[in-house]
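Accompanying notes for the structure given below.
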Amino acid sequence: MADAAHKETHGFQTEVKKLLQLMIHSLYSNKEIFLRELVSNAADAADKLRFRALSDDKLYENDGDLRVRLIVDKDAGTLTISDNGIGMTRDDVIEHLGTIAKSGTAEFFSKLSGDQARDSQLIGQFGVGFYSAFIVADKVTVRTRAAGQDSSRGVEWESAGEGDFTVADIEKAGRGTDVILHLKADEKEFLDDWRLRSIIGKYSDHISVAVQMYKDEVPESEGPDGEKIEAQPGQWETINKATAIWTRDKSEVSDEEYQEFYKHVSHDFGDPLLWSHNKVEGKTEYTSLLYVPTKAPFDLWNREQKHGLKLYVQRVFIMDDAEQFMPVYLRFVKGVLDSNDLPLNVSREILQDNKITQAMRQGCTKKVLQMLERLASNDKDKYQSFWNEFGNVLKEGPAEDYSNREKIAGLLRFASTQEDSSAQTVSLDDYLGRMKEGQDKIYYITADNYQAAKSSPHLEIFRKKGIEVLLMSDRIDEWLMSHLNDYKEKSFQAITKGQLDLGELEDEETKKAQEEAEKQVAGLTERVKTVLGERVKEVKLSHRLTDSPACVVADEYGMSTQMIKLMQAAGQSVPEMTYHFELNPEHSLVKVLAELQDEDRFAQLTEVLFDQAALTEQGSLKDPAAFVGRLNKLLMELVK
Numbered sequence: 001m002a003d004a005a006h007k008e009t010h011g012f013q014t015e016v017k018k019l020l021q022l023m024i025h026s027l028y029s030n031k032e033i034f035l036r037e038l039v040s041n042a043a044d045a046a047d048k049l050r051f052r053a054l055s056d057d058k059l060y061e062n063d064g065d066l067r068v069r070l071i072v073d074k075d076a077g078t079l080t081i082s083d084n085g086i087g088m089t090r091d092d093v094i095e096h097l098g099t100i101a102k103s104g105t106a107e108f109f110s111k112l113s114g115d116q117a118r119d120s121q122l123i124g125q126f127g128v129g130f131y132s133a134f135i136v137a138d139k140v141t142v143r144t145r146a147a148g149q150d151s152s153r154g155v156e157w158e159s160a161g162e163g164d165f166t167v168a169d170i171e172k173a174g175r176g177t178d179v180i181l182h183l184k185a186d187e188k189e190f191l192d193d194w195r196l197r198s199i200i201g202k203y204s205d206h207i208s209v210a211v212q213m214y215k216d217e218v219p220e221s222e223g224p225d226g227e228k229i230e231a232q233p234g235q236w237e238t239i240n241k242a243t244a245i246w247t248r249d250k251s252e253v254s255d256e257e258y259q260e261f262y263k264h265v266s267h268d269f270g271d272p273l274l275w276s277h278n279k280v281e282g283k284t285e286y287t288s289l290l291y292v293p294t295k296a297p298f299d300l301w302n303r304e305q306k307h308g309l310k311l312y313v314q315r316v317f318i319m320d321d322a323e324q325f326m327p328v329y330l331r332f333v334k335g336v337l338d339s340n341d342l343p344l345n346v347s348r349e350i351l352q353d354n355k356i357t358q359a360m361r362q363g364c365t366k367k368v369l370q371m372l373e374r375l376a377s378n379d380k381d382k383y384q385s386f387w388n389e390f391g392n393v394l395k396e397g398p399a400e401d402y403s404n405r406e407k408i409a410g411l412l413r414f415a416s417t418q419e420d421s422s423a424q425t426v427s428l429d430d431y432l433g434r435m436k437e438g439q440d441k442i443y444y445i446t447a448d449n450y451q452a453a454k455s456s457p458h459l460e461i462f463r464k465k466g467i468e469v470l471l472m473s474d475r476i477d478e479w480l481m482s483h484l485n486d487y488k489e490k491s492f493q494a495i496t497k498g499q500l501d502l503g504e505l506e507d508e509e510t511k512k513a514q515e516e517a518e519k520q521v522a523g524l525t526e527r528v529k530t531v532l533g534e535r536v537k538e539v540k541l542s543h544r545l546t547d548s549p550a551c552v553v554a555d556e557y558g559m560s561t562q563m564i565k566l567m568q569a570a571g572q573s574v575p576e577m578t579y580h581f582e583l584n585p586e587h588s589l590v591k592v593l594a595e596l597q598d599e600d601r602f603a604q605l606t607e608v609l610f611d612q613a614a615l616t617e618q619g620s621l622k623d624p625a626a627f628v629g630r631l632n633k634l635l636m637e638l639v640k
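The numbering of the sequence shown is UniProt numbering, which starts it at 1 and goes up by one.
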């Protein structure tokens, strides 16, 4: 398997093989993006060398002029993207060019449908980078050497994009990486000078590293007096602006340039939803260019996945994914941050507790929330599309960012009894604007799913009185509400917990009717408590129900059903739930129960009513067989 040159053959990771086939077919209509991806990778390699050289300038190897070069060989049919950046070792090559080290890979492949247009969008969200080379090449050769290594430590990687690739040791005089594309027979348009320059102008003009092409020699000609002028050798010509986009004035940058720069920093194929470019001066000086994506990445729910902004100090790249400048609940935000105040040798450890870092984090967080507030106010449909992608991540905010709790709350959206749909479209301001006169609380219910919330018996009195209730069915909602106590001086009230008190919304006529109904079932609660014993905290008559005979209610200050489920799902042990059991004295079943003299039958019906109420609240029972047995026994008595 290995020879004198230490050449080895390796099989691609299974996911790489799948991705290559999908990408070649699904992205073919937009094949020129391969150049954007490869130039972006090369520019990143230059940035990383510049950072590493801050502590070891020998890495420059007497060549500090960082650049990316496009080299065309029409005779050989090859296009080479060459950089003199950080380069790769043999282990780096095998790791980076043979696997997709990205969370969410399995989910990504499960969503693919076979529809090329739809799949191309999914591939764009996932990101392909280097592998885009195989859209136009039937073979790719990579020659690389890590900066600071001896010339004999070069590595050559080669593959036809099928089942395997080879890795061999080579001599390479210069540091950096050459990606050599052996173009397919029908892709020779990418050997055309004008075509390449137009693609760089379209996709890579913003890159701060110079992208160069060789300018042909000037041919022999005659001077003004007829003398012969000898041909001049050609030279490397920079074909992009090579100016960091965030250092330019906003008025000089077009929307197209902002959008292409987003694709560079995010490796997303789609355009961003919105962005904000700001220069902050004063006590702390920095420039930020922040983007909100249109679509959520596949690793959004992995809180451990690297996230954050690209950090520059005085336009020198320092690190990718600087998470210290963006809270976790805004981990979907992409962009760059360029500080004038941080030292060039700043590390992640120094950033952690740095006052400058904290000021910049607060500023960036505030700017993102302002962007979203403006979007919600000016374009509700566009904001709704944002919410559908990132709403559940934003719900982490009140627990994580207390100082911005009310701002975040104003951005939240919920389903509601006011809307006949599971779509989360109702803001808290919408709710406040529709509150009944005399209403002083924001009522809500949490459940396993939308249908369970919508059908809960706890809603009955609210429907009767026309009081809106927020319907919450996402797993995170219970966690959210444990950290969100009020909004604009109105407190939240879970309708499944504690004593129901509608305050000024109650009327005297209703109260009198309730008192009369209670007289008709006097003594019932004591009999029911005797049957259920320690399984319930207490039994009482309730007027929160209009159609159901009974319900169970959690303690006002205790854990809710959904919180217990949330903790159990996280593997935490929780105490067994003991509810208050409430009976509707106006329901015919409860009236029948109160009149039963047969204690055995009274106990059976009590047990059935309690299990029904518990099943409605919890979605399951500890002993469903016993419940079915009791129910069947009662049914048999009815049909006799």
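Beta carbons are placed, not taken as given, at the ideal position from N, Cα and C, and that holds for glycine.
Straight-line gap, residue i to residue j (C-alpha atoms, nearest Å)
i           : j    : result
A168        : L342 : 42 Å
T179        : R67  : It is Val, not Thr, that sits at residue 179 in the sequence shown. Answer to the nearest angstrom: the Cα atoms are 14 Å apart.
L330        : L470 : 24 Å
G77         : K188 : 7 Å
D150        : E95  : 21 Å
L70         : V39  : 9 Å
residue 648 : V553 : A question about residue 648 goes unanswered here, because the residues of the chain that appear run from 1 up to 640.
N84         : R52  : 13 Å
N378        : Q384 : 12 Å
N632        : E489 : 51 Å
M326        : R405 : 15 Å
Q597        : M567 : 43 Å
G161        : N340 : 44 Å
S103        : G129 : Unreliable positioning characterises S103 in this predicted model, as indicated by a pLDDT of 42, which lies under 50. A coordinate reading is not provided.
E61         : I245 : 28 Å
A625        : K454 : 27 Å
K529        : D600 : 15 Å
E349        : Q362 : 19 Å
K279        : V136 : 40 Å
S427        : K380 : 11 Å
R527        : H580 : 15 Å
P297        : A423 : 21 Å
L122        : W387 : Residue confidence is low: L122 scores 48 on pLDDT, short of 50, so the model does not pin down where it sits. Its coordinate-derived value is still stated next. Their backbone Cα atoms lie some 19 Å apart in a straight line.
D192        : I33  : 16 Å
L484        : K540 : 29 Å
G148        : D92  : 15 Å
Same chain only: Cβ atoms within 8 Å of residue i, ignoring 5 sequence neighbours per side
i    : result
V531 : F602, A603, T606 and E607
M481 : Y444, T446, M472, F492 and A494
V574 : M559, I564, M567 and Q568
Own chain, CB closer than 6 Å to residue i, minus 5 neighbours either side, in chain order
i    : result
T446 : M472, D477, E478 and Q562
G308 : D321, A322, E323 and M326
A242 : A210
G127 : Below a pLDDT of 50, predicted positions are generally treated as unreliable, and G127, at 49, falls in that range; no measurement from the model is reported.
H277 : K250 and L289
E158 : T141 and T166
I275 : The residue asked about is misnamed: residue 275 is Trp in this sequence, not Ile. Cβ neighbours of W275 beyond the five flanking positions: Y258 and Y291.
G124 : Confidence is the limiting factor: at G124 the pLDDT is only 46, short of 50, which leaves the residue's position unreliable, though a coordinate-based value still follows. For G124, where only same-chain residues beyond five positions count, the Cβ hits under 6 Å are F269 and G270.
Close beta carbons around residue i, own chain, < 7 Å, minus the five adjacent residues each side
i    : result
R584 : In the sequence on display, residue 584 carries Asn and not Arg. Cβ within range, chain order: S542, L545, S548, P549, A550 and V590.
F12  : G98, G163, D164 and F165
G64  : none
I170 : R143, G154, V155 and E156
Opposing strand residues paired with residue i [DSSP bridges]
i    : result
M213 : L70 and E237
T525 : In the DSSP output, where bridge partners are listed per residue, T525 has none listed.
L344 : Looking at the DSSP assignment, L344 forms no beta bridge with any residue, so it has no partner.
V280 : Y286
A137 : L183
(message) Please give me, in chain order, every unbroken run of the beta strand (DSSP E) with length at least 3 that falls completely inside the segment 549-633.
(response) 550-553 and 579-583
(message) Within 8 Å, do at least three Cβ pairs link the segment 528-545 to the segment 599-614?
(response) yes
(message) Count Cβ pairs between the segment 467-486 and the segment 384-396 that sit closer than 8 Å; are there 3 or more?
(response) yes
(request) Please list the segments of the alpha helix (DSSP H) lying wholly inside the segment 455-496, counting only runs of 4 or more residues, in order along the chain. (result) 460-465 and 477-481
(request) Please list the segments of the beta strand (DSSP E) lying wholly inside the segment 291-319, counting only runs of 3 or more residues, in order along the chain. (result) 309-313
(message) Taking contact to mean 3 or more Cβ pairs, one atom from each stretch, closer than 8 Å, check whether the segment 36-50 and the segment 201-215 are in contact.
(response) yes
(message) Across the segment 459-470 and the segment 409-425, are there enough close Cβ pairs to call them in contact, namely three or more that are closer than 8 Å?
(response) yes
(message) Three Cβ pairs or more, each shorter than 8 Å: is that satisfied between the segment 193-207 and the segment 248-262?
(response) yes
(message) Under 8 Å, with one C-beta from each stretch per pair, do the segment 275-295 and the segment 347-364 reach the 3-pair mark?
(response) yes
(request) Counting only runs of 3+ residues fully inside the segment 139-164, write out the beta strand (DSSP E) ranges in chain order. (result) 154-159
(request) Run through the segment 377-455 for me and flag every whole alpha helix (DSSP H) of 4 or more residues, listed as ranges in chain order. (result) 380-394, 397-400, 405-411, 428-433 and 450-454
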